[in-house]
Structure formats: C-alpha cells, structure tokens
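Q: In the working numbering, the protein residues as written are 4 to 137.
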Amino acid sequence: MKISFLNKSLSFLMAFVVLFSTLSFTVESHYCGTNLIDTAVFSKVKKCGMEASAGTSVKKSCCKDEVVIVEGQDKLKLNGFDGLDINQQIVFTTFVYSYLSLFESLPKQIIPHKEYIPPNLIYDIQVLDESFLI
C-alpha cells in the first residue's frame, strides 16, 4: 500500500517537473512613472492611457513597459525506443517481457480452518486410560 502510494506520488511529481521545465511564459509590467499600474502573465498588460502617441506634441512619455520572458527547456530526448532497429526492438521487448514475468505472484492459498480455535481439554485422556508411551 505504502509503496504503491509512493510510486504514484513520485510519478505525479515527475510529470509536473517535466511539464514546468518545458513551459515558457511572459510576464509584462506597466509602470507610470514609478508606480506599478498592471502586471499580466499570459496576456497583454492594461495601459494607463498616459502614453505618448505619434500625433501628440509630447516628446517623452512617463510610462514604461517591462517584459520578462521565461524560456522553458525545448531539448527533450524523445527517441528512446524508436532509435533502435527492428532486431534490437525485438530483443529488448523479449527481455522486458521475460524479466517482468519473473515477478508473477503465486495464487492465494485458502486455509479453511485458519480462524478455528480448538476446544479446551477438560480431561487428560492418557491419565484416564492409563496408556503411556514409553
């Protein structure tokens, strides 16, 4: 029971490690002066409306945008079993099948009188019959 739970939890943890190591995302922040206006992950950031546009005479804007890009790992080795030729695949499959068949459990034996408790002896029959083995 404990080994099964440990195996399942470690498998779940490793799946999350692979998922989050390959995930890439962008964090955008919008500042108006020194004040943080909005921060967004996976979407565009909301602007404050004070940005300098091309048609206005304002030369410098007080707003600035920061973009932090978190790159995930994109080099995973995926060609394990497919990189082998057909003879190596057959040998490997046969080896794994024969190795796993070593650990088949025996059929469960049924003991019909497992819970039976014999009655207490009231009389000692050997003394009553006076028959002793010498």
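Idealized CB from N, CA, C, for every residue including glycine.
1. Note down the Cα distance separating C174 from C66, rounded to an integer number of angstroms.
2. With distances taken Cα to Cα, identify the nearest neighbour of F45 among Q112, N38 and F28.
3. Less than 9 Å between the beta carbons of F95 and L87, yes or no?
4. Just to confirm, are E74 and E31 a CB contact at a threshold of 9 Å?
5. Counting only the same chain and skipping the five closest in sequence on each side, list residues whose C-beta sits under 8 Å from that of Y34.
6. Helix, strand or coil: which one does DSSP assign to D68?
A: Checking against the coordinates, here is how it stands:
1. The structure shown has nothing for residue 174, since the chain only spans 4 to 137.
2. Taking the sequence shown and counting its residues from 1, the one referred to as residue 45 is at position 42. It is F28.
3. Your numbering for residue 95 matches position 92 in the sequence shown. Your numbering for residue 87 matches position 84 in the sequence shown. Cβ distance < 9 Å, so F95 and L87 count as in contact.
4. For the purposes of this step, residue 74 is taken as residue 71 along the sequence shown, with counting starting at 1. For the purposes of this step, residue 31 is taken as residue 28 along the sequence shown, with counting starting at 1. Not in contact: E74 and E31 (Cβ atoms no closer than 9 Å).
5. By one-based count along the sequence shown, residue 34 stands at place 31. Closer than 8 Å at Cβ, skipping near neighbours: I40, C66, K67, D68 and E69.
6. As a position in the sequence shown, residue 68 is number 65, starting the count at 1. Of the three classes helix, strand and coil, the one that applies to D68 here is strand, per DSSP.
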